[in-house]
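Chains H and A, in that order, give the protein sequences. Numbering-wise (the working numbering), the first sequence opens with residue 1 and increments by one. Numbering-wise (the working numbering), the second sequence opens with residue 1001 and increments by one.
Protein chains: 2
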Amino acid sequence: MKAEVRPLGMTIGSIRSAFPKMMADLFKDKEIKYTFDQMVVLLIVRFCQKTSPVQQDIAEIMNKNKSVVLRMIDVLEQDGLLMRSTDPNDRRRNIITLTKKGYEYTELTIACDHEVTVNLMEGLNESDVKTFFKVFDHIQSKMGVK
Amino acid sequence: MKAEVRPLGMTIGSIRSAFPKMMADLFKDKEIKYTFDQMVVLLIVRFCQKTSPVQQDIAEIMNKNKSVVLRMIDVLEQDGLLMRSTDPNDRRRNIITLTKKGYEYTELTIACDHEVTVNLMEGLNESDVKTFFKVFDHIQSKMGVK
DNA sequence: TGAAACAGTTGCAAAAATCAACTAATACAT
DNA sequence: ATGTATTAGTTGATTTTTGCAACTGTTTCA
């Protein structure tokens, strides 16, 4: 473990700006008028259903502050991609649920994502790709700890 | 495999603002008064010496527009971390060179980066880490093509 | 019962990114 | 060689994004 850890900064630095840009370009092609981050919100709502994250949670997952997330969700709600409803068990919390339309947008996003990913991963063997995702998830979970 | 695989975008969506934030926190501790992005500029200048990227190139690498990079470089030049000089072979281009002070800041940045990275990679075995970086390199080269 | 904590909201201020227009230099096609 | 297009860099104005602090309503807990 001590051996090969090199600075991630530059590496991550480029992927972290390049990937969203590639996604944004694809969104434009397909006339999706939302930002990458807005679609990430939808993805989080969809894929973290079990824990049903509220705005605060989403903000933590995305490392944004809650005002930012609130404003993204305002737009998404206005456009009917998701719905807010007060949690009956804790009326401070907003339960966020995807609408049919919102779900469709997650599908579109995943399609774009897949397109970009396949492109980037082309030429690698499956097991390496698996490991990559594993490590990436690990990093993500470590970041959550703060 | 086809079922509910979390798209890469979701992970990237969560780490992409986390990493600069973690770096910024470390910078604050060590009283480095620059942003993560500014330090990335220095790193690019240092590590892409062979191709001696000009402002435009740096902008492309970082997926920012050239005005943004220009202003970052203004600051870095004012503070004596790098120098601009006109390329004698093409007087439109500015050759960017690190000063001694600038180099020292890249060292500091790399140290911070390493600290963060080690932390994030903790708990992974060496071969996974190796694979991860291998895949990362691959992705990066693919992104370069675009 | 009251203090502290928490999710959400709002408006304002600060920071960052974008855009269009411009200069100066170079490349290139005719 | 001449003029057109392209390129790197620069600037100022504008817009977008972000961050902060204060506030509400609700819950927790001592």
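Here a beta-carbon is modelled for each residue, glycine too, at the ideal position from N, C-alpha and C.
(1) Note down the Cα distance separating A/N1065 from A/R1071, rounded to an integer number of angstroms.
(2) Since H/I61 is in the alpha helix (DSSP H), which residue starts that stretch and which ends it?
(3) Can you list the residues of chain H that A/A1018 reaches, using a CB-CB cut of under 7 angstroms?
(4) I want to verify the contact list: residues of chain H whose CB lies under 9 angstroms from the CB of A/K1066, in sequence order.
(5) Can you find the residues in the same chain that come closer than 8 angstroms, C-beta to C-beta, to A/Q1055, ignoring five residues on each side of it along the sequence?
(6) Counting only beta-carbon separations shorter than 9 angstroms, does H/G13 have a partner in chain A?
(7) If I measure Cβ to Cβ from H/V116 and keep anything under 8 angstroms in the same chain, skipping five residues before and after, which residues do I get?
(8) Tell me whether H/A59 is buried or exposed, calling it buried when 16 or more other Cβ atoms sit within 10 Å of its Cβ.
(9) Helix, strand or coil for A/N1169 per DSSP?
(10) Considering just the uninterrupted stretch of the alpha helix (DSSP H) at A/R1016, what are its terminal residues?
(11) Verify the CB distance criterion: does A/L1008 have a CB-CB separation below 9 angstroms to chain H?
Taking the coordinates as given:
(1) Taking the second sequence and counting its residues from 1, one reaches residue 1065 of chain A at position 65. Taking the second sequence and counting its residues from 1, one reaches residue 1071 of chain A at position 71. Looking at the backbone, the Cα of A/N1065 and that of A/R1071 are separated by about 11 angstroms.
(2) Position 61 of the first sequence, counted from the start, is the residue given in the question as residue 61 of chain H. First-last of the alpha helix (DSSP H) with H/I61: Q55 to M62.
(3) As a position in the second sequence, residue 1018 of chain A is number 18, starting the count at 1. Residues of chain H passing the Cβ test: N63 and M143.
(4) In the second sequence, counting from the first residue as 1, residue 1066 of chain A sits at position 66. Those do not exist, as A/K1066 stays about 15 angstroms from chain H at its closest Cβ, beyond 9 angstroms.
(5) As a working note, residue 1055 of chain A is residue 55 in the second sequence. Result list for A/Q1055: K1066, V1069, L1070, I1073, N1094 and I1096, in chain order.
(6) Locating residue 13 of chain H in the first sequence gives position 13, counting from the first residue. By this cut-off, H/G13 is an interface position.
(7) Residue mapping note: residue 116 of chain H aligns to position 116 of the first sequence, counting from 1. The residues are F19, M22, M23 and L26.
(8) Indexing the first sequence from 1 puts residue 59 of chain H at position 59. The residue is buried, with at least 16 neighbouring Cβ atoms inside 10 Å.
(9) Limits of chain A in this structure are 1001 at one end and 1146 at the other, which puts residue 1169 of chain A out of reach.
(10) Start at 1 with the first residue of the second sequence, and residue 1016 of chain A comes out as number 16. L1008 to D1029 is the span of the alpha helix (DSSP H), which, as asked, contains A/R1016.
(11) Against the second sequence, residue 1008 of chain A aligns to sequence position 8. Answer yes: the Cβ-Cβ gap between A/L1008 and chain H drops below 9 angstroms somewhere.
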